[in-house]
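Residue numbers for the sequence shown follow my numbering, so the first one is 1083 and each next one is one higher. Below is one structure, written out as structure tokens; comments come after it.
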Amino acid sequence: MKRIGAISWKILKWTLLSILGIFILANLFIVISGKTYIYKAVACTYLVGQSGPGIRDLDYFPKREVEQGTPEPWPTHSSYGKVELSPTALQKFNQYKSTSLLVFKNDSLLFEHYAEDFGPTTISNSFSVAKSIVSILVGIAIDEHKIKSVDQPVGDFIPAFREGSRSKLTLYHLLTMSAGLDWSESGGNPLSSNAEAYYGSDLLSMINSVEVVSEPGKVFDYQSGATLILGYCVEKATNTKLSYYASEKLWKKIGAENLAYWSLDAEDGIEKSYCCFYAAGRDFARFGKLYLHQGEWNGTQIVSSEWVKKSTEPADLLDTDGSKNDRYGYCWWITEYNGKKVFYMRGILGQYVICVPDDNVIIVRTGHKRGDKRNDQPLDLFDYLNAGYEMIESIQ
1083 MKRIGAISWK
1093 ILKWTLLSIL
1103 GIFILANLFI
1113 VISGKTYIYK
1123 AVACTYLVGQ
1133 SGPGIRDLDY
1143 FPKREVEQGT
1153 PEPWPTHSSY
1163 GKVELSPTAL
1173 QKFNQYKSTS
1183 LLVFKNDSLL
1193 FEHYAEDFGP
1203 TTISNSFSVA
1213 KSIVSILVGI
1223 AIDEHKIKSV
1233 DQPVGDFIPA
1243 FREGSRSKLT
1253 LYHLLTMSAG
1263 LDWSESGGNP
1273 LSSNAEAYYG
1283 SDLLSMINSV
1293 EVVSEPGKVF
1303 DYQSGATLIL
1313 GYCVEKATNT
1323 KLSYYASEKL
1333 WKKIGAENLA
1343 YWSLDAEDGI
1353 EKSYCCFYAA
1363 GRDFARFGKL
1373 YLHQGEWNGT
1383 QIVSSEWVKK
1393 STEPADLLDT
1403 DGSKNDRYGY
1413 CWWITEYNGK
1423 KVFYMRGILG
1433 QYVICVPDDN
1443 VIIVRTGHKR
1453 GDKRNDQPLD
1463 LFDYLNAGYE
1473 MIESIQ
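In structure tokens form, the structure reads like this:
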């Protein structure tokens, strides 16, 4: 028994020493490599029961307010309160851990359903839905002649992009995800550029140091770094913090009912423009209405109709497999549903603002999980379209 006890103690000792060794080596790697943001990542994920970024991350980071103006509540549809999710639609809603689903028909709120502690005024992280918002702001800045055109060089706004391969980069390349950056796009890899941008505290350093490694304007290659740079270009062009510009030129003008927030890299820092715009579902739908009306809001042109048209048409690019891009414009996604064109805003974990122009339909979904993809289109997107159209068809 003593011999067995001694062996057990040796195993335990070596196990503890091995764990300690791994811990020390991991910390040495983090410190030597400069990837100290990993500590923040661990604190915001594993230590709070998450495995990655979440829709409730607002208070983990500094933030800037996007103030609303005079609220314009959505009118309710005559069939509001008379329609409900089918059993299949409800099963899908729960399967993907949805927190809200809203359906709008002809500029009126037809249906809304919430889960957990969400309600009409609950705000959550939209993730890459923010990219589409930045695109709108670029269009507004062009309308105001603060940006010359999409062909303006990035170097006009950021001195680090005035020499070498980066000097060829234009706003068009950033808008269409054809920048060819040295950027690792991953939501789960803690060593990726995305992880550093999300959990780190020096986005300007990332902007100034990122390289262009392939010819811009040729291949669609989705990179959050492109919109990070784009958002900073808007700030420099307008001489206004991105959140303040969004508030004055967009949020107040489309009648948002609730305060929104944009996460920052540091106190009084710069916006995480590629993600992290927090708002309520009813207010997210306003972007859909704006674009379904060709950039006009109740008689006022917020952004040009030409910009809306260009944003929601596939950019003239090749995909990585050599086929023609058919799904991405100026930071807006494009697909079809039952033969009808659909354009939409999209963020990880299934944050969507879905627009069907033929029928003047908007569907907003927020939640914790997304379905698999086919041809780079998330399959759960079509579940929410099915759910919305089941209700719409039931009242016709």
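C-beta: ideal position from N, C-alpha, C; glycine also.
Checklist entry - Can you list the beta strand (DSSP E) stretches of 3 or more residues lying completely in the region 1400-1452, in chain order? => result For the region 1400-1452, whole beta strand (DSSP E) runs of length 3 or above, ordered along the chain, are 1415-1419, 1422-1429, 1433-1438, 1443-1449.
Item to check | Secondary structure of Asn1207, DSSP reduced to three states | outcome: strand
Item to check | Cβ-Cβ separation, Glu1472 to Ala1279 (assumed contact under 8 Å), whole Å | outcome: That pair is no contact at about 39 Å.
Next on the checklist: I need the DSSP call for Pro1235, collapsed to helix, strand or coil.
Outcome noted: strand
Next on the checklist: Could you give the first and the last residue of the continuous beta strand (DSSP E) run that contains Phe1255?
Outcome noted: Note that residue 1255 corresponds to His in the displayed sequence, not to Phe. Unbroken run through His1255 is the alpha helix (DSSP H), 1253-1257; no beta strand (DSSP E).
Next on the checklist: DSSP three-state label for Pro1460, please.
Outcome noted: strand
Item to check | Secondary structure of Arg1364, DSSP reduced to three states | outcome: Annotated three-state conformation of Arg1364 is helix, per DSSP.
Item to check | Neighbourhood of Thr1402 by C-beta distance below 8 Å, restricted to the same chain and skipping five residues each side | outcome: Excluding sequence positions up to five before and after Thr1402, its CB lies within less than 8 Å of the CB of Val1301, Phe1302, Asp1303, all in the same chain and listed in chain order.
Checklist entry - With 16 other CB atoms within 10 Å as the buried threshold, where does Glu1194 fall? => result buried
Item to check | Test item: CB-CB of Ile1444 and Asn1340 under 8 Å | outcome: no
Checklist entry - Taking just the CA atoms, how far does Ile1215 sit from Gly1163? => result 31 Å
Item to check | Span separating the alpha-carbon of Ser1190 from that of Ser1393 | outcome: 24 Å
Item to check | Among Asn1457, Asp1454, Phe1464, nearest to Val1446 - alpha-carbon criterion | outcome: Phe1464
Next on the checklist: Just to confirm, is the Cβ distance from Ala1397 to Thr1309 under 8 Å?
Outcome noted: no
Item to check | Cβ-based burial, Arg1452 [other Cβ within 10 Å; buried from 16] | outcome: buried
Checklist entry - Excluding sequence positions up to five away, which residues of its chain have a Cβ less than 7 Å from the Cβ of Asp1454? => result Leu1461
Item to check | Residues bridged to Tyr1196 [DSSP beta-bridge criterion] | outcome: Ser1182
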